[in-house]
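The opening residue of the sequence shown carries number 0 in numbering that gives the first Met the number 0; numbering runs sequentially from there.
Cβ atoms here follow ideal geometry from the backbone N, Cα and C, with glycine treated the same way.
Because the structure is a prediction, the values reported are computed rather than measured.
Right, one structure below, let's go through it.
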Amino acid sequence: MRIVPVSFENSVKCACPICPTYHSDPCPNEGMENLYCARKMSACQLTRKGCLCPTCQVWVKYKLTKQYYCLFGIAKKKVFKGFKEKIKKALGK
Ligand code: SF4
Ligand code: SF4
């Protein structure tokens, strides 16, 4: 389950566009990519050169713990094993 909502407010706070990893290739800038923790990982071939996520207001606000969302995908809430099945059972599905 997604943790960070895709919103204009979060988008303008995202530190990705000033990050060295983001600028390891011109592709993200050309594609106007950002907010990887909420949208999806980058479609570009990026090289790890450091991650600014821990300096970002969105990271702090949503209590994120990971980095490099551009490479590994969005921030997700943990769904405990068997939890979905229990919910379905409780709902009679
Ligand atoms: S936590 Fe990282 S990916 Fe998410 S908005 Fe901040 S800088 Fe961008
Ligand atoms: S997720 Fe982290 S490493 Fe990737 S572009 Fe954003 S700040 Fe940089």
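Cβ neighbour criterion (16 or more within 10 Å) applied to residue i
i	result
SER41	buried
THR20	buried
LEU90	exposed
PRO27	buried
GLU32	buried
VAL59	exposed
Nearest-angstrom beta carbon gap, residue j and residue i [assumed within contact, 8 angstroms]
i	j	result
CYS50	TYR67	5 angstroms
Rounded separation between residue i and residue j - CA only
i	j	result
VAL11	PRO53	16 angstroms
PRO4	PHE71	18 angstroms
CYS13	LYS77	23 angstroms
GLY30	LYS88	43 angstroms
Beta-carbon proximity check, residue i vs residue j, cutoff 7 angstroms
i	j	result
SER23	LYS48	yes
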